[in-house]
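According to numbering that gives the first Met the number 0, the sequence shown is numbered sequentially starting from 0.
The beta carbon of each residue, even a glycine, is placed where N, CA and C say it ideally should be.
Given the structure is predicted, the values throughout are model-derived calculations rather than measurements.
First comes the structure, then the notes that go with it.
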Amino acid sequence: MPDPDIILSLFNRIRSRFPTFSLESEGRKRLYLNSGAGSLMVDNCLQAINSYAVSLPPMPGQITPAEKQTFEFQQQVRQLVADFIGASRPQEISFHFSTTAALFNLAFALRSLFRPGKNLVVTDMDHFANISPWENLGLAQGAEIRRVRLTPELMLDRTDLLDKVDKDTVLVALTGASNALGTILPLTDLISDLKQKSDALVVVDAVHLAPHVPIDVRELGCDFLAFSGYKTFGPMLGLLYSRQETRDRLSPYRVETNQEAMPYCWEQGMLPNLNLAGLKGALDYLLELGKAAHPRESSAPTRKIFRLTLEAIKKYEQNLSLYFLERWKKFQSPRLRFYGIENPARVTFRTPTFALEVAGLTPAELKKLFWERAGIIIADGNHYSAVVVRHLKKNALNRVSLAHYDGPDSLDLFFDCLENILSH
Ligand SMILES: Cc1ncc(COP(=O)(O)O)c(C=O)c1O
């Protein structure tokens, strides 16, 4: 069990790594509480982009030292991502424009499985990036789309999921964590249960999970998993894990001269090396953090260090969530509404992402007041997890979302401003 204070003891060092903290807007400090929309970029990421921009030629190859360097660099980044999510081989990692693009590419590659008589299961908990690709390709091919509903407590309805999966289900698309509510799904159990009922392929959207908790694709038992660089302290980039054994079921978009083997079959054109460099910088930062938190483990395998780092982040962020929930509970205003897991005993099932509302103010008005009164940036909208929001019969909600570089002091500023808004 990690010491909950590890991140706290490194807190000033951590914050100094994120240059955005020193920026001002309209002549004053600003407070970014919108990491669910995109995390801050760590300094390593920016330095790596600069340095590789000078040293790397675009084309990988095997003859000249520079092209060999590009080849080795790309291999290195694949290996780093594989270690980050516990994949067995670097070939299982491919690079895409975004997670949305990765999942559209995946849906296209699997299209021959979607036929009349077959069904695909998606959920109301998901971001549309993990619904629309399946609906688009599935329906176009004549398959049925089944949507798993939420319970009145806004949890994924497990019984409904297992009822909807049958022998004709070819694919199940699940989220790891809701970017609207911060709810973490018990994926290992869900996937194990549904794999007992069906041979369906399982795709996990891990975009909102990756910056908050350790991921292990083999423990999860999923076939595909995607996440985004810009939600994980790095640049815009979509990362897709495809289990090696799925290769014979895939027919991706592929330029004829491109290799058929994974990962090359996935990649359309030259890779965005600078984004790869930025991602490497962000993942290297997480490794540095793990080593600083556990100096005795500094020569442990990379996979283990990632796990230690994310365990420490998870523990720290759970404490942040507890602090938020405790302060929220103290507000007695009947104007406040909260959506998602509120019970402190269930804090392990949430990220520090909180959906809320103030009656009498539209989400856009509340966001504007936070900005005008205190320079605080929160989110409004449906965050593309529109079904969750529609389920509440709304068009938009506010969202406060934090990461490991935020502290209780940020929440104090948030609650002071909330108090001010409620009283004026
Ligand atoms: C949970 C979740 N899934 C998928 C996406 C889409 O990611 P990308 O912008 O890389 O396509 C997002 C982005 O907000 C997200 O929060």
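My output table needs one value for residue i: the three-state DSSP class, helix, strand or coil.
| i | result |
| --- | --- |
| Leu355 | strand |
| Thr174 | strand |
| Asn257 | coil |
| Phe348 | helix |
| Arg372 | helix |
| Ser422 | helix |
| Met0 | Any reading at Met0 must be qualified, since the residue scores a pLDDT of 46, below 50, and its modelled position is unreliable; no value is offered. |
| Gly228 | helix |
| Ala299 | coil |
| Asp49 | Sequence check: residue 49 is Asn here, not Asp. In the structure shown, Asn49 sits in a helix (DSSP, three-state: H, G or I). |
| Thr122 | strand |
| Arg27 | strand |
| His390 | helix |
| Val203 | strand |
| Leu109 | coil |
| Gly137 | helix |
| Asn342 | coil |
| Thr182 | strand |
Using beta-carbon positions only, say whether residue i and residue j come within less than 8 Å of one another.
| i | j | result |
| --- | --- | --- |
| His403 | Asn178 | no |
| Gly339 | Ala358 | no |
| Leu463 | Val201 | Since the first and last residues shown for the chain are 0 and 423, residue 463 lies out of range. |
| Gly237 | Ser191 | no |
| Ser409 | Pro210 | no |
| Asp167 | Asn118 | yes |
| Leu193 | Val147 | no |
| Ile130 | Val121 | yes |
| Ile5 | Ala311 | yes |
Is any non-hydrogen atom of ligand 1 found closer than 7 Å to the C-beta of residue i, if you look at the structure I gave you?
| i | result |
| --- | --- |
| Gly237 | yes |
| Asn178 | yes |
| Ser409 | no |
| Ala354 | no |
| Ser97 | yes |
| Asn129 | yes |
| Val206 | yes |
| Tyr174 | Checking the sequence, you will find Thr at residue 174 rather than Tyr. Thr174 Cβ: within cutoff of ligand 1. |
| Ser227 | yes |
| Tyr315 | no |
| Tyr383 | yes |
| His126 | yes |
Decide yes or no for the touch test of the region 255 to 265 against the region 32 to 46: beta carbon pairs closer than 8 Å, at least 3 of them. These segments do not touch.
Is it a yes or a no for the region 91 to 98 touching the region 221 to 228, going by three-plus beta-carbon pairs under 8 Å? Under the three-pair Cβ rule at 8 Å, the region 91 to 98 counts as touching the region 221 to 228.
Taking 8 Å as the threshold, find out whether the region 306 to 319 comes into contact with the region 387 to 405 through three or more Cβ pairs. For the pair of segments examined, the region 306 to 319 was found to touch the region 387 to 405: the number of CB pairs separated by less than 8 Å reaches three.
Touch test, the region 104 to 114 against the region 129 to 144, Cβ-Cβ under 8 Å, three pairs minimum: At 8 Å Cβ cutoff, the stretches touch.
Kindly confirm or deny that the region 65 to 75 and the region 268 to 277 touch, where touching means at least three C-beta pairs closer than 8 Å. Yes, since at least three Cβ pairs between the region 65 to 75 and the region 268 to 277 fall closer than 8 Å, the two stretches touch.
Across the region 19 to 29 and the region 246 to 256, are there enough close Cβ pairs to call them in contact, namely three or more that are closer than 8 Å? No: the two stretches stay apart, fewer than three of their Cβ pairs being nearer than 8 Å.
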